[in-house]
Amino acid sequence: APGQPSFDLIGVANAGRPRGGSQHQLSLRGVLSYKGFSTRFNANWQDSTIATTSQTGSLAYSDIVRSNVNYSYTFGPQSPGSDRIPFLDGARLGFTVHNLFDSKLEVSDQFGQTPLGFTEDELVPRGRHFALELRKVFR
Numbered sequence: 001a002p003g004q005p006s007f008d009l010i011g012v013a014n015a016g017r018p019r020g021g022s023q024h025q026l027s028l029r030g031v032l033s034y035k036g037f038s039t040r041f042n043a044n045w046q047d048s049t050i051a052t053t054s055q056t057g058s059l060a061y062s063d064i065v066r067s068n069v070n071y072s073y074t075f076g077p078q079s080p081g082s083d084r085i086p087f088l089d090g091a092r093l094g095f096t097v098h099n100l101f102d103s104k105l106e107v108s109d110q111f112g113q114t115p116l117g118f119t120e121d122e123l124v125p126r127g128r129h130f131a132l133e134l135r136k137v138f139r
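At position 87 of the sequence shown (counting the first as 1) the number is 87 in my numbering, and the numbers step up by one without a gap.
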């Protein structure tokens, strides 16, 4: 916009990830399955970091933990209800929670202010969200 300082997301960061990345990162993934039921969990932690650029000076990125969980049930020939509703055979019903703990990346400049383009809503506009899914394999 006219009169506003230029803003370069590519030179400084890409979707909340500082150029060069964090020094420390950790990822955990797990799956539990039993008789058609399945639970998947993943968590990613990224350490805080400071990115220095000629345009904006230094930007401090907070550490962040993002977690997702998915529950699903796959209907088979022996599943309850499959004999009454044949369409359910080979179907999978799933429920997913993205960003389970509603984690938000915080970015601040050398003055402690959040620069334009780095607010929570601009970096992660959806926050925590839910999805319900039905998949069907036709045989």
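We put the beta carbon where it would ideally sit given N, CA and C, even for glycine. These numbers come from a predicted model, not from an experiment.
Quiz prompt | CB contact flag (Leu105, Ile64, <8 Å) | solution = yes
Checklist entry - Given that a residue counts as buried once 16 or more other Cβ atoms are within 10 Å of its Cβ, and exposed if not, what is Leu88? => result buried
query = Does DSSP put Phe101 in a helix, a strand or coil?
reply = coil
*asked:* In the DSSP output, which residue or residues are listed as bridge partners for Val137?
replied: Note: Val137 sits in no beta bridge, so no partner.
| query | In chain order, what residues of the same chain have a beta carbon less than 6 Å from the beta carbon of Ala13, not counting five sequence neighbours either side? | reply | In this predicted model, Ala13 has a pLDDT of only 47, less than 50, meaning its place in the structure is not dependable enough to derive any value.
**Prompt:** Under 8 Å between the Cβ atoms of Gly36 and Ser79?
**Reply:** yes
Of the residues Ala60, Thr39 and Phe41, which one's Cα is nearest the Cα of Ser48?
Ala60
Could you spell out where the beta strand (DSSP E) holding Asp109 opens and where it closes?
-> Val107 to Asp109
**Asked** So which of Thr74, Gly81 and Gln46 has the shortest CA-CA distance to Ser67?
**Response** Gln46
For Leu123, count neighbouring C-beta atoms within 10 Å of its own C-beta (all shown protein chains included) and say buried if the count is 16 or more, exposed if not. buried
- Only counting runs of 3 or more residues, tell me where the beta strand (DSSP E) segments fall wholly within the region 62-87, in order along the chain. 64-74
- prompt: How far does the beta strand (DSSP E) with Arg123 in it reach, from first residue to last?
  reply: Reading the sequence as shown, one finds Leu at residue 123 and not Arg. Looking at the DSSP string, Leu123 is not in any beta strand (DSSP E); the run it does join, the alpha helix (DSSP H), is Glu120 to Leu123.
So, at 6 Å on beta carbons, what are the nonlocal neighbours of Leu132 in its own chain, with the 5 sequence-adjacent residues on each side left out?
Phe95
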